[in-house]
Amino acid sequence: MLSPLSSGSFNRPLSSDGATRSQSSTVPTANEVIERVSSSRQGLRFPDELLISRDPQRFNTQLNLQITAVQRASDYLNETELSLRGLAQTMSREKRQRQLQRTRQLVERRVQQSGGTVDRNFTACLDRPAQIIFQCEALETLMVTEQREIITFALGEGTFRRWASLVITPEMSLGQRLFALNRALGQFRIWCYYDLPTQRLLFTLPESQWFHSAHWTVRGGGICFAADSLTLLRPLPITCFEQQLQQLLAGGTTATSFNAEQAVRHLQQERQKLLWHRQQVDQQLAQRAIPVGRQQALRLAKLVRQQLAACHGGFRSLNQALQCQANLPTAVVYQLIIGE
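If you read the sequence shown in full-length UniProt numbering, its first letter stands for residue 1, the second for the next number, and so on.
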């Protein structure tokens, strides 16, 4: 992904023909460069369009990514809500089948359509990867065993298998056992916690890593788990909104029409949270945004062009410096470039 500061890459290799032409031709003046850029960018504004169309007038890369995530999640939830609303309307059987098929595709392609910004409960994940919550009944014995045992976990298969171990002792409390489990399983990006209302040991894992759980094994000391072989663990995802929605879409017409309203209310609540988050970001942008005028932008472009001409091929370091400026306020970047 390119930096929002630039519309191209400074590290792009030149062809042999291009290199020969650049050596034989003279360096263009600033006015010639400005005329070329102006003629090729008619109708475009400065700065270049960022990752989204809302134009936050900021060069902060992380902020742009966050706003992009909010917009993608909001668009997906809105499209799914409209599709579910269509199921609640009166229509012919043929149209209902087409609407059901369209809604199923939206649900099945959640990760692709939302860009990974919506999890299995149709909750927005803006600053973290979407997680899968699951349980593994075989590991619950580690919370109550009263004998010392060395537990070794393995994830993967063949030469790609990874290992992690921990020791369970009788005097360890529930919190200490959870800490030991997290310290070992954290190497696999698996985290566990004890859900007091349901009295269950639950685990979380990024959705992108879920396929590794098919090769999750454990070896013990002959008390909770066998010592001479690896025991295959069978993690089971807990029921989520996505599964309930898939069951409704696969059921009868009456049930789907009745429960679609409940699903719509859930999506409306999540969209309301996203709206509040977007308002907070807009307030932050309004407080910190410093617009760049036409003359300032032109002056900055000339100075950057001079720096590029004087770097004598050292584009990598200059590109890194420009990318670092993406997380600085516009006023600071302006002062650093013009030297005031």
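Virtual Cβ for every residue (Gly too), placed ideally from N, Cα, C.
### Message
Out of ARG162, SER208, SER83 and VAL167, which one is the CA nearest neighbour of THR117?
### Response
SER208
### Per-residue DSSP class, three states only, for SER74
helix
### Query
Buried or exposed: where does THR103 fall if 16 or more other Cβ atoms within 10 Å of its Cβ makes it buried?
buried
### Task
Give every residue of the same chain whose Cβ lies closer than 7 angstroms to the Cβ of GLY221, excluding the five residues on either side of it in the sequence, and list them in chain order.
GLU149, ILE150 and ALA227
#### Entry: Residues that PHE134 bridges to, as DSSP identifies them
PHE203 and PRO237
### Close-in-space but distant-in-sequence residues of the same chain around LEU51 (CB under 6 angstroms, 5 per side omitted)
With a pLDDT of only 46 at LEU51, under the threshold of 50, the placement of this residue in the model should not be trusted; the figure read from the coordinates follows. Excluding residues within five positions, the ones whose Cβ falls inside 6 angstroms are ASN64 and THR68.
### Task
Determine the DSSP secondary structure at CYS311, reduced to helix, strand or coil.
coil
### Query
If you drop the 5 nearest sequence neighbours on each side, which residues of the same chain put their C-beta closer than 8 angstroms to that of LEU274?
So the list reads VAL70, ALA73, SER74, LEU77 and ALA124, once near-sequence residues are dropped.
### Query
Going along the chain, which unbroken runs of the beta strand (DSSP E) with 3 or more residues stay wholly within the stretch 93-142?
131-135
#### Entry: Top-ranked residue by Cα proximity to GLU146, from ARG278, LEU174, LEU181 and GLN296
LEU174
### Query
Would you report the Cα separation of LEU245 and CYS192, rounded to the nearest angstrom?
26 angstroms
### Message
As an exercise, report each continuous alpha helix (DSSP H) stretch of at least 4 residues that is fully enclosed by the stretch 155-222, in chain order.
### Response
As summarised for the stretch 155-222, the continuous alpha helix (DSSP H) elements at least 4 residues long and confined to that stretch are 174-185, given in chain order.
### Query
Which whole-angstrom value is the C-beta distance of PHE203 and PRO235, which I expect to be below 8 angstroms?
7 angstroms
### Message
Suppose contacts are defined by Cβ-Cβ distances below 8 angstroms. Is ALA154 in contact with LEU230 by that definition?
### Response
yes
### Task
Report yes if the C-beta distance between SER133 and PRO237 is below 8 angstroms; otherwise report no.
Ser is not the amino acid found at residue 133; the sequence shown has Ile there. The answer is yes: Cβ separation under 8 angstroms.
### Those residues which DSSP pairs with PHE153 across a bridge
ALA164 and VAL218
### Message
Can you look up LEU232 in the DSSP assignment and give me helix, strand or coil?
### Response
strand
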